[in-house]
Amino acid sequence: MENLVPTRIELARPLPPLTYLAPPGLAPGMRVAVRLRTGRTHGVVLGPDPEPPKVKLRPIDAVLDPFPLLPPRLWELLAFAGHYYGCGLAHLLPLCLPQAVVADWETPLAPGRRLCDLRGAGDWAGLAQAGADWHAGALALPTLFHRRGLRGAGVTEVRRTEAPNPPRVTPSQAKVLLALEKGGGAMLEGLLLEACAVGPAVLARLVEHGVLERVKRLDLLSQRREETADRRVVLNEEQRKAVAGIDLERFSATLLYGITGSGKTEVYLELAGQVLAQGKRILWLVPEIGLTPRLLSRLEARFPGKVAVGHAGLNATEKQADVMRLLQDEAPLFVGVRNAVLAPLRNVGLIIVDEEQEGSYKSEEHPRIHARDLAIKRAQLEGCPVVLGSATPSLESWQAADLGKYRLLRLRERPQGVTLPTVQVVDLRECFKAERKKVVFSPLLHKYMRETLQNGQQAMLLLNRRGFENFWMCRACGQTFDCPHCALSLTYHKGAFRLRCHLCGYETVPPEVCIHCGAEHLRGVGEGTEQIEAMLRAAYPEARILRLDRDTTSRRGSLEAGLLAAEAGEVDILVGTQMLAKGHTFPKLTLVGILNADLGLKIPDFRAAERTFQLLTQVAGRAGRAELAGRVLLQTYSPDHPAIVHAVAQNFEAFAAEELPYREALGYPPYAAMSLYRSEGDTPVAALEPLAALKKRLLTVPGLRILGPLEAPIPKVKDRYRMQLVLKAGARPPLAEAMRVAPLVAGGVVTLDRDPLNFGV
Ligand code: ADP
Ligand code: ZN
């Protein structure tokens, strides 16, 4: 390569940007391959380095992209996110552009003129122009991405059935079966055909034999579900007002507030139809895909062939195929979870964030982005509306609507045929007094359970604690059994006969005598879902009982399968953790029992009440979604707690009205902005020191309250000691100033979580 110039390159490693020699004129955002002392890696061009370090610079190995592949506005969003969350472009880029998505340099620009010819001539300006034209829609590059092996990818998957191998197979059939076995029983059709070098006829034969099945990706998520026909509804007055209230031509943020079933999705669908008709694209964010199969079939029915779906369950190839479809404008409506907010869609005309209050929109690992907040920023950059929908809005969004930053649109009308369930409270303190021992199932709950089962209806019992017993304790010395690597007690799992750490996965066979004092008086304390299931089996031997929690649903698809069985009425009693609260509608479910509504309130987090309120309201909404009237029984030791009182009344606004002044008085969000700095070390002191040093540098920043450094709520995880420093300010600027005054070293021991959601760990 001739006349190379110093260029700043950021690597997808925990390192600050480095300077390499690269051809002049590489646009920021282009990916390059470089060498480090430790091997090869990818990087992103940041721009020329005007003051290169006075050392011998290495040249880059190769330019990977002919031009920046992401749409220009998305770069602006990434730049904002990098700045706001304190992370580099190279860490954000893989969230929207998987490394495997690479352009084909053989792509012809014009007859006889391929991208690689321009590269050969050093014509980077020409390539940049081609990229700009491509992004603007003025230049079509249909063969830009390597898709030869990916034909049909993202569409059809081939899977092994339960049927035994046929007695005789041809050599090509054998190749297919072997490849599938290696691939874990399922592969994308295109990849499978390529890997085996066989034609589609071979697959067709095996499908005929019943050994294989071909499944469309969308069906994977809505297995055994009849195609929902596109059911057009006539929007009611409120829905029409909501739709009319949103100007599609410019930025606005709207909070669409209405109980589940009040018709929010119909509003989104109507808006989406209008936006697609304008030739624009839509980003539709949902908290979790697996639990919303109905939504996907509704979307596919309304907008056939236009929907692409992105979620955490996709393998790398599927993700790659999706991103290529989006970059080529082949799917104008993209439904996805958190990272979908960064999807490489051009010309976005509408962003929807359904269930905006959900914590899953916030990433709990680096880079710790919040998809809802970035959705608002993205809509600003795109100049389009963003609609946040919720039955129990986050207090942040509720307050923003109150201040007029968001427009508030309400759907108050009850949908036809749906009645709110009656919610009753059982005071567990009274039960304790009456029975002189701890009560897990109150007499009233038992009574309702019997009635429900007699009527052939379904009951759902919820307890937010898995395992058999919460912890083991020695009655002689009072000591508990903690994880040797974490500051957390081990949970007893009876079925597996193990004590397990829910943080690091450590497990051990339960000891026969106390490891502290040698006494034999060990006992478990605090029941978990596993024990509840056992108690139910003893009390209701005839009932069909299904437990759904993280222990029983670790296999891919098993949660969906369980929920479908429950939906089909094959289950009498469903018992599980909060994962039962979301998604599905169970037509026969008429009783919901919350065994201990207080569990979530004890977490040392100022949002504990808000989360408990949301969870209880969501769960209560499970009962009586169908024609049958539902009952909810909420067992609690604190019936007067606002989260419980207002959940019983199913009154979000009253809850918000009581909770917000409390937040204001204590200076918590939404009345303050927060940053959480965490650090880890092999010893408590090693974890503390960097935070103490950080604090010293921050003392000069005006408007900042600094709390700590202190031990994290769980002070040790996986043998690492954990400390934290909390910054609070009346608004965001002092927190940004703190980042400027004391920038974190990439790869250093201190990490930053802006607008942290999780204080309990
Ligand atoms: P949400 O998104 O608020 O939970 P949905 O939009 O899914 O509510 O509506 C719940 C049900 O009510 C759906 O089956 C939907 O088709 C139906 N529905 C919504 N609006 C209307 C309407 N205006 N007329 C008839 N049915 C409606
Ligand atoms: Zn552990």
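The numbers in the sequence shown follow our numbering, run straight up by one, and end at 782.
Heads up, the beta-carbon is just placed ideally off N, CA and C, and yes, glycines get one too.
These numbers were taken from a predicted model, which means no experiment stands behind them.
{"Item": "Segment contact, 8 Å Cβ cut-off, at least three pairs: the segment 622-639 with the segment 392-408", "Value": "no"}
{"Item": "DSSP three-state assignment for threonine 164, whether helix, strand or coil", "Value": "coil"}
{"Item": "Start and end residues, alpha helix (DSSP H) containing phenylalanine 453", "Value": "449-456"}
{"Item": "Quiz: which residues have CB nearer than 5 Å to ligand 2 non-hydrogen atoms", "Value": "Cys504, His506, Cys507, Cys522, Leu524, Cys525 and Tyr527"}
{"Item": "Sub-8 Å separation of aspartate 619 and glycine 597 beta-carbons", "Value": "no"}
{"Item": "8 Å CB neighbourhood of glycine 266 in its chain, flanking five on each side removed", "Value": "Thr275, Arg428 and Leu430"}
{"Item": "Straight-line gap, arginine 628 to arginine 457 (C-alpha atoms, nearest Å)", "Value": "33 Å"}
{"Item": "Unbroken alpha helix (DSSP H) run spanning cysteine 405, endpoints", "Value": "Segment: none, cysteine 405 is in no alpha helix (DSSP H) and carries neither H nor E."}
{"Item": "Residues of its chain near valine 344, where Cβ-Cβ distance is below 7 Å and the 5 sequence neighbours each way are ignored", "Value": "Leu118, Pro119, Val122 and Pro365"}
{"Item": "Where leucine 381 falls: helix, strand or coil (DSSP)", "Value": "A quick correction: the sequence has serine, not leucine, at residue 381. Here serine 381 sits in helix by DSSP."}
{"Item": "8 Å Cβ cutoff met for leucine 715 and tyrosine 742", "Value": "no"}
{"Item": "Segment contact, 8 Å Cβ cut-off, at least three pairs: the segment 540-550 with the segment 484-492", "Value": "yes"}
{"Item": "Boundaries of the beta strand (DSSP E) in which histidine 63 is found, first to last residue", "Value": "60-69"}
{"Item": "Identity of the residues DSSP links to glutamate 797 by a beta bridge", "Value": "The displayed coordinates of the chain run from 22 to 782. Any statement about residue 797 would go beyond what the structure contains."}
{"Item": "Proline 192 versus glutamate 309 - alpha carbon distance", "Value": "42 Å"}
{"Item": "Beta-bridge partners of histidine 514, as assigned by DSSP", "Value": "Arg519"}
{"Item": "Closest Cα partner of leucine 165 within the set Asp350, Val358 and Val26", "Value": "Asp350"}
{"Item": "For threonine 443, the three-state DSSP class (helix, strand or coil)", "Value": "strand"}
{"Item": "The segment 87-99 contacting the segment 36-55, beta-carbon criterion three pairs below 8 Å", "Value": "yes"}
{"Item": "Per-residue DSSP class, three states only, for glycine 547", "Value": "strand"}
{"Item": "Closer than 7 Å: glutamate 309 CB and nearest ligand 1 heavy atom", "Value": "no"}
{"Item": "Of the residues Lys739, Phe780 and Val762, the one placed nearest valine 747, counting alpha carbons only", "Value": "Phe780"}
{"Item": "Residue(s) in a DSSP beta bridge with methionine 494", "Value": "Thr501 and Arg544"}
{"Item": "Residue range of the unbroken beta strand (DSSP E) whose run includes phenylalanine 355", "Value": "354-357"}
{"Item": "At least three beta-carbon pairs within less than 8 Å, the segment 755-767 to the segment 676-691", "Value": "no"}
{"Item": "Cross-strand partners of histidine 391 (DSSP beta bridge)", "Value": "Lys383"}
{"Item": "Per-residue burial, arginine 346 [other beta carbons within 10 Å of its own, 16 or more giving buried]", "Value": "buried"}
{"Item": "Start-end ranges of the alpha helix (DSSP H) lying completely within the segment 597-638, minimum 4 residues", "Value": "none"}
{"Item": "Identity of the residue in Pro45, Pro35, Ala33 and Leu36 nearest leucine 25 by Cα", "Value": "Pro45"}
{"Item": "Buried or exposed by the 16-neighbour rule on C-beta atoms within 10 Å, applied to serine 700", "Value": "buried"}
{"Item": "DSSP three-state assignment for isoleucine 267, whether helix, strand or coil", "Value": "coil"}
{"Item": "Where leucine 484 sits in the DSSP three-state scheme", "Value": "coil"}
{"Item": "Beta-carbon proximity list for proline 35, same chain, < 7 Å, skipping 5 on both sides", "Value": "Ala767 and Gly768"}
{"Item": "Neighbour-count burial assignment, glutamate 376, 16 or more Cβ in a 10 Å radius", "Value": "buried"}
{"Item": "Alanine 707 in three-state terms, based on DSSP", "Value": "helix"}
{"Item": "Threonine 413 Cβ short of 7 Å to ligand 1 heavy atom set", "Value": "no"}
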